[in-house]
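Chains as they are written, first to last, in the working numbering: chain A, -6 to 105; chain B, 5 to 120. Cβ coordinates follow ideal geometry from the N, Cα and C atoms, glycine included. All values reported here derive from a predicted model rather than from experimental measurement.
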Amino acid sequence: DQQVKQNSPSLSVQEGRISILNCDYTNSMFDYFLWYKKYPAEGPTFLISISSIKDKNEDGRFTVFLNKSAKHLSLHIVPSQPGDSAVYFCAASYSGTYKYIFGTGTRLKVLA
Amino acid sequence: NAGVMQNPRHLVRRRGQEARLRCSPMKGHSHVYWYRQLPEEGLKFMVYLQKENIIDESGMPKERFSAEFPKEGPSILRIQQVVRGDSAAYFCASSPRQAETNEKLFFGSGTQLSVL
């Protein structure tokens, strides 16, 4: 049972445009969400997170939006750069647990 | 480099052999987590350890897999009598405290295990 879903395995975006990566979850107990970025042959690196008490968190070119009623979050990257090309994983957890539940990832390709 | 260090980066084993994967957490981190990524899947939690203690191994297969984090030295994930289905990327992560709400994990570069 996949509790965190990233339904788009890949996405291509032109440099300078907005990239929108989506993530859906099924467990309403989740109250903390993260995005990790992964380059080939490297480990995932933390990108941005959001607590369920917020609906938006912004860090430079990266913004994460959380819609609790829809159990949906999205990562916006604007403007997209070729260096953003990587696999992006959405992850979720809930209070009192240390287990992060990861989605299957979306491969973003930013075209120069 | 004070990041999470994993070795080897690549490990090739024949069916039936043993695989040992090592992880040194970030300096100052005493909590270690192992995750496995099978092809075309997300990372899945395997085990959580503190120094000399296994806190939660609920994500680890009951047989052939074991993990330790001794007082001195790296954490070791051990897979005995490997089978082809064990082929995956194994990632180690660490945190300074138990990774509850608002605590992010720092991941190593992973060990790619290939079983022939």
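Check                                                                                                                                                                         : Outcome
By a C-beta neighbour count over all protein chains shown, 10 Å radius and 16 as the cutoff for buried, is V119 (chain B) buried or exposed?                                  : buried
Do we get a CB-CB distance below 9 Å when we pair L47 (chain B) with the residues of chain A?                                                                                 : yes
Is there a Cβ of chain A sitting closer than 9 Å to that of N5 (chain B), yes or no?                                                                                          : The predicted position of N5 (chain B) is uncertain, since its pLDDT is 48 and thus under 50; a value taken from the coordinates is nonetheless stated next. Judged by the 9 Å Cβ criterion, N5 (chain B) is not in contact with chain A.
Would a check of beta-carbon distances place S99 (chain B) closer than 9 Å to chain A?                                                                                        : yes
Residues in the same chain with beta-carbon distance under 6 Å from Q116 (chain B), minus the five sequence neighbours each way, listed in chain order, please.               : H14 and A93
Do we get a CB-CB distance below 9 Å when we pair V57 (chain A) with the residues of chain B?                                                                                 : no
Checking 9 Å against the spacing of the C-beta atoms, do R54 (chain A) and A79 (chain A) come in under that value?                                                            : no
Could you tell me the distance, in whole angstroms, from the CA atom of E8 (chain A) to the CA atom of Q74 (chain A)?                                                         : 5 Å
Using a Cβ-Cβ distance cut-off of 9 Å, determine whether T19 (chain A) contacts chain B.                                                                                      : no
Going by Cα to Cα distance, which pick from A:G98, A:L104, A:K102 and A:V103 is closest to Q(-1) (chain A)?                                                                   : A:G98
Looking at the C-beta of S91 (chain B), does it have a partner C-beta in chain A at a distance below 9 Å?                                                                     : no
What does the alpha-carbon distance come out to for the pair Y18 (chain A) and K61 (chain A)?                                                                                 : 10 Å
Please tell me whether Y91 (chain A) has its Cβ less than 9 Å away from any Cβ of chain B.                                                                                    : yes
Going by DSSP in three states, D52 (chain A) sits in which element: helix, strand or coil?                                                                                    : strand
Hey, is L101 (chain A)'s beta-carbon within less than 9 Å of any beta-carbon in chain B?                                                                                      : no
What are the start and end residues of each continuous alpha helix (DSSP H) run of 4 or more residues lying completely inside the region 11 to 93 of chain A, in chain order? : none
Does the beta-carbon distance from F39 (chain A) to K108 (chain B) come in below 9 Å?                                                                                         : yes
Which of helix, strand or coil does DSSP assign to R40 (chain B)?                                                                                                             : strand
Do A105 (chain A) and V(-3) (chain A) have their C-beta atoms closer together than 9 Å?                                                                                       : no
I'd like the span of the beta strand (DSSP E) that includes R18 (chain B), first residue to last.                                                                             : From DSSP, R18 (chain B) is part of no beta strand (DSSP E); its letter is neither H nor E.
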